[in-house]
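So the protein sequences, as listed, match chains Z and H. First residue of the first sequence: 6, per the numbering used here; consecutive thereafter. First residue of the second sequence: 6, per the numbering used here; consecutive thereafter. Glycine included, every Cβ here is placed at the ideal spot set by N, Cα and C. Step one of this worksheet: look at the structure below.
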Amino acid sequence: MASIKIENVQKAFGKVIAVDHLNLEIKDGEFFTFLGPSGCGKTTTLRMIAGFYYPTKGIVRFGDKDMTRVPPEKRNTGMVFQNYALFPHMTVFENVAFGLKVRKISSGELKKRVQDVLQKVRLNQYSDRQVSQLSGGQQQRVALARALVIEPEILLLDEPLSNLDAKLRDEMRSEILRLQREYKITTIYVTHDQAEALSMSDRIAVFNFGVCHQIGTPSEIYNEPSNDFVAGFIGEINLFPARIEKKTNEQVFLSVQTGAGPKEMTVKNHPFNVDPDSPGDLAISIRPEAIILHYRQVDGANVLKGKIEEVYFFGSVINLIISVEGMRLKADLLNNQSIKIKKGTEVFVQLPEDHIRVIPMVSGESS
Amino acid sequence: MIKRDTRFTILLLIPVLLVLIAYVLYPSLRTFFESLHTEGGTSFQNYSDFFSQESKTNLEALWNSVYISVLSVIASALIGIPLAFIFNRYDFPGRGFFSTAAIMPIVLPSLVGVMAFMFLYGETGLVPNALKDLFGLKNVPFKIGGVSGILIVHAYTMYVYFYMTVSSAINKIDPSLEEAAYNLGANRFKVFWRVTFPLLTPAIVAASLLVFMISMASFSAPFLLAGGYRVLSLQIYFSKLNGDMEVAATQSVILSIVSIAFLLFMRWYQNRKDYRMASKGIGAHRSEVKNPILKWVMVLVGVIAVIILLLPHFTILLLSLVPDGTWTYQTYPSVFNIENYRLLLQDPNIFKPLKNSLLLAFIATFGNLIFGVLTSYLLVKRKFIGKNLVDILVMIPWALPATVIGMNLIFAFNEPSIFSFGNILVGTFWILPLAYFIRHIPLVVRSTNAVLEQLDDSIEEASRSLGAKWFYTFRRVILPIIMPGVLSGTLLAFVEAVGEFPTSVLLYTISNRPISIEIMNQLRMFNMGQAAAYGMIQIVLIAIVLFVSNKFFGVKAEQSLS
Ligand SMILES: Nc1ncnc2c1ncn2[C@@H]1O[C@H](COP(=O)(O)OP(=O)(O)O)[C@@H](O)[C@H]1O
Ligand SMILES: [Mg+2]
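Here it is in structure tokens:
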């Protein structure tokens, strides 16, 4: 086991800069996730940690050791590939034993350790099978077992569930978590699926275009996104460009740009709601589930009149699209059956002062 | 600091480049310099002689080569394309068998094939004489020889390239494209000309280029059938026999230029980004032939085609059973036994050429195996500057006519050079294995490329991340996975080397005659039976290799031939 430090790393492929200005510190035993859309540099970063790429600039450390230019076979990392990369000419046992054979482990111990790990991934029945005879989920387990059996310092998983169907994916998700807890192994998990990232990780790093936008626990990332990209990529969000007009001790007054001209709104003057020195263009953001719906005009801050445009029924929740001041607002309701929602109903929406966050805009577009 | 990986690539690249430079590039350059050599020093005199009106034979030979090649393309296309359609688009009894039989000409080594055609359709051939007797004619109704002979042999052997490329293109067409056209109201005729045919053009163009090159290079057929007809590949041989080495060099260079131009054009054509290849691997849609008359007509055509296709093979088999000296003035042979095979095994003089060929081919192919795997690994899995150049060097022996390769070797190694460690190779044992090795570099590299391209990079990375060094990974992971594909390519190279004729005839030594030269000798002495027995052994060897590759390696070996 080891902690990982990535210091000011850049990776360029010719003119394309895949990763830039990356600084990360991953703690011993942590389940750490790289999250971001496809092409944002997650795999590149992972491969620099595995040793398949060397950074153009910067340093990679395991613990205090500088690993920047150590070849992959000397890093003692266990890697699980997106396509599993099982050796097709070997049985399950031989696949798992490969790393131990390379390490010249005596055959008695090798057998014991392979059987041990196959037990842990519940494949002991299959040890003599050819890998091509296994299902996708089983192949995934072999890949995990093969990576774990060498007792790596770091486990690296590159979109390991993307080739599985939805049901297996849920099953493997908890399987991976269980194994990670059992081995207490520092793990880096790459995914573009925000639900996967939120539900599994100790901490998440959110990437876009080769830049890491935010590092934090799942609840920090969800509740306190650092900018509009993170807010928009994780979960649903309403974002509207805004400008700070004035601040009091209690409140911050904003001029929000709506389809029907500027509109005054207020938020609590609290670091959670307004970063005191956020630079550049700003936007207000609010999650759909934070919006409160009224059927009558009510008093209070940020109450706007609107009309329900679309109703999407998902069972436990109902998603609404409400047109407000020439904008489309997303709102979620819990389905408590008593309410009757219909398209075309006039409603009053309230954006609670303590749930709105004012965040910087970096993507150059509002959603 | 050069990165470790780069250093390693360079380390692997050095031997590959050395071999390619020493045995592909250097001999070609030697030939070129030889062609500049004139009495008065260095000049292009030989070239202006070649193209001058006085030396009509050269220009005529060049023209004849082009003429025959164009006709060969047309004839092969006219046979191969319809067959590909019939066998891949329609289902009728025996379809599977017919479509397998359609590639049988490949099982016939070129020299043996030409020999079979001579016995079948030549002046004293079995078919014309049978027809003569059957209808009580005074003279044979037809005989092949000269241009028609060469063309018929070409069409017979080369239509297979059209058949295979077009078949695979047909099977890659997404049936929904044609269905969409029907759905939009197009009729059968329109769908064929506006949708199907355009989708097949790349395959047809590729096959045409291929057949053109192969017939430009063709040697055995003109050698045995041309009579007085001159083609360029044959002219080179005659120039060499007459000792006109500078002329031979000039002719070689001109033929090389044509061939390499074609190679580069083909590469360009196939590397174009082509929308036509967009969807693939959909699987064939065959419509069952319902009309009973049409169905049985198709079966009949199939049966006749198979008979014609297999007649040469049977002829060789039949002849190999005719003991020498028992078929002289008679129209048909009358005695059949296995005397020729017995002699082959028991008479050391008759066995020797077979043994020679097997040994020569083994040495050459062993070299191909090592070199092919290394080169292919570099080309497919490693990044380096100049990869395209290495790739072209690898393909040059494929583009160059065998006669030219033979001449190149003569010019390069009839004097000591560093690449032969200061030895003269011409006239020694080693020149033939070297020639066979060079001839089959492209085949082995390409068939290995095909399997390596299938092998995902992550397999190698997985092994490395599990702690295995490169060599261990290569030995334990990569090699075992690609071995079936590599072996099938190598075995094919082996059997081709066993039968190799054009380079052999230029380079062999009396004490070390390969099988193809001995076939020539036996034919010259009218020992058809013994020649046919040699031929039969080659046919069986090739058939075994194709069978083994298909059955045990799951590789369609015949496809690496094109
Ligand atoms: N080997 C490579 N050569 C050139 N460009 C690459 C290479 N690998 C990745 N890239 C580029 O780097 C960027 C990041 O890629 P990657 O790390 O694979 O993204 P992700 O895994 O997040 O989808 C992409 O723009 C990709 O095209
Ligand atoms: Mg990726």
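Using a Cβ-Cβ cut-off of 7 Å (strictly less than) and excluding sequence neighbours within five positions of residue i, which residues of its own chain qualify?
i	result
Lys245 of chain H	Ala253, Met412, Leu511
Phe442 of chain H	Ala369, Gly372, Asn373
Gly218 of chain H	Note on residue identity: the sequence assigns Met, not Gly, to residue 218 of chain H. Correct list, in chain order: Ser264, Phe267, Ala404.
Ser372 of chain Z	Reliability fails at Ser372 of chain Z, whose pLDDT of 39 lies under 50, so the model's placement of it is uncertain and no value is given.
Pro328 of chain H	Val340, Asn342, Glu344, Asn345, Gly534
Thr73 of chain Z	Tyr59, Pro60, Ile64, Val65
Glu250 of chain Z	Phe258, Leu259, Ser260
Return the chain-ordered list of same chain residues with a C-beta closer than 6 Å to the C-beta of residue i, the five sequence neighbours on each side being excluded.
i	result
Lys285 of chain H	Confidence is the limiting factor: at Lys285 of chain H the pLDDT is only 46, short of 50, which leaves the residue's position unreliable, though a coordinate-based value still follows. Closer than 6 Å at Cβ, skipping near neighbours: Lys177.
Ser132 of chain Z	Val97, Phe98, Leu123
Phe122 of chain H	Val158
Leu76 of chain H	Leu156
Asn324 of chain Z	Tyr317, Asp337
Gly540 of chain H	Val117, Ile321
Thr331 of chain H	Val340
Leu17 of chain H	Leu383
Lys10 of chain Z	Glu30, Arg66
Would you mind stating whether residue i and residue j have Cβ atoms separated by less than 8 Å?
i	j	result
Ala174 of chain H	Leu205 of chain H	yes
Gln535 of chain H	Ile355 of chain H	yes
Val500 of chain H	Leu546 of chain H	yes
Thr453 of chain H	Val378 of chain H	yes
Ala148 of chain Z	Leu184 of chain Z	no
Arg518 of chain H	Asn345 of chain H	no
Ile327 of chain Z	Gly311 of chain Z	yes
Ala80 of chain H	Ala160 of chain H	yes
Val311 of chain H	Phe103 of chain H	yes
Ala66 of chain H	Phe224 of chain H	no
Phe86 of chain Z	Ala467 of chain H	yes
His275 of chain Z	Pro42 of chain Z	no
Given residue i, which residues of its chain have a CB within under 8 Å of its CB, disregarding the five upstream and five downstream residues?
i	result
Gly150 of chain H	Gly127, Glu128, Leu230, Gly232
Ala191 of chain H	Arg199, Val200
Tyr31 of chain H	Ala417, Ser422, Phe424
Ala210 of chain Z	Leu29, Phe37, Thr38, Phe39, Leu40, Cys217, Gln219, Ile220
Gln15 of chain Z	Ile22, Val24, Asp25, His26, Leu27, Pro60, Thr61, Lys62, Gly63
Where does residue i land, buried or exposed, given buried means 16+ other C-beta within 10 angstroms?
i	result
His218 of chain Z	buried
Gly113 of chain Z	exposed
Gly56 of chain Z	buried
Ala200 of chain Z	exposed
His318 of chain H	buried
Arg127 of chain Z	exposed
Met530 of chain H	exposed
Asn144 of chain H	exposed
Glu158 of chain Z	buried
Pro133 of chain H	buried
So residue i packs on residue j, CB below 8 Å; how close in whole Å?
i	j	result
Leu51 of chain Z	Leu161 of chain Z	6 Å
Val550 of chain H	Leu496 of chain H	4 Å
Val399 of chain H	Pro447 of chain H	6 Å
Leu248 of chain Z	Leu287 of chain Z	First, the residue type needs correcting, since residue 248 of chain Z is Arg and not Leu in the sequence shown. With 8 Å as the limit, Arg248 of chain Z and Leu287 of chain Z qualify as a contact, their Cβ atoms being about 7 Å apart.
Val450 of chain H	Thr380 of chain H	5 Å
Tyr513 of chain H	Ile522 of chain H	5 Å
Asn88 of chain Z	Asn168 of chain Z	7 Å
Thr48 of chain Z	Val195 of chain Z	6 Å
Ile54 of chain Z	Thr82 of chain Z	7 Å
Gly85 of chain H	Val165 of chain H	7 Å
Should residue i be flagged as near chain B, meaning a C-beta pair shorter than 8 Å?
i	result
Arg9 of chain H	The chain labelled as chain B is not found among the protein chains of the depicted structure, namely Z and H.
Requested in this report: Could you list the residues in the stretch 451-469 of chain H with a C-beta less than 8 Å from some C-beta on chain Z, going in chain order?
Outcome: So the close ones are Asp461, Ser463, Ile464, Glu466, Ala467, Ser468, Arg469.
Report task. Report the residues of the stretch 62-82 of chain H with a CB closer than 7 Å to any CB of chain Z, ordered along the chain. Result -> Listed by position along the chain: nothing, the set is empty.
Query raised in the report: Closer than 6 Å from C-beta to any heavy atom of ligand 4: which residues, in chain order?
Result: Looking at this structure, you won't find ligand 4 anywhere; what it does contain is ligand 1 and ligand 2.
**Report entry** Residues within the stretch 465-499 of chain H neighbouring chain Z, beta-carbon criterion of under 9 Å
**Finding:** Answer set for the stretch 465-499 of chain H: Glu465, Glu466, Ala467, Ser468, Arg469, Ser470, Leu471, Gly472, Ala473, Lys474, Trp475, Tyr477, Thr478, Arg481, Val482, Pro485, Ile486, Met488.
Query raised in the report: Going along the chain, which residues of the stretch 380-398 of chain H sit with their C-beta nearer than 9 Å to a C-beta in chain Z?
Result: So the list is empty, because no residue satisfies the distance condition.
Report task. Name, going along the chain, the residues of the stretch 89-116 of chain Z whose beta-carbon falls closer than 7 Å to a beta-carbon of chain H. Result -> Per Cβ criterion, the list reads Ala90, Phe92, Pro93, His94, Phe103, Gly104, Val107, Arg108.
**Report entry** Against chain H: residues of the stretch 222-248 of chain Z by CB proximity under 7 Å
**Finding:** Listed by position, the residues of the stretch 222-248 of chain Z near chain H (Cβ gap below 7 Å) amount to none.
Query raised in the report: Taking Cβ-Cβ distances below 7 Å as the criterion, which residues of the stretch 58-75 of chain Z are in contact with chain H?
Result: Correct list: Tyr59.
Query raised in the report: Listed in chain order, which residues of the stretch 268-280 of chain Z have Cβ atoms closer than 9 Å to some Cβ of chain H?
Result: Under the 9 Å Cβ criterion, the stretch 268-280 of chain Z contributes no residue.
Query raised in the report: In the stretch 131-149 of chain Z, which residues sit with their C-beta less than 7 Å from some C-beta in chain H, listed in chain order?
Result: Within the stretch 131-149 of chain Z, no residue has a Cβ that lies closer than 7 Å to any Cβ of chain H.
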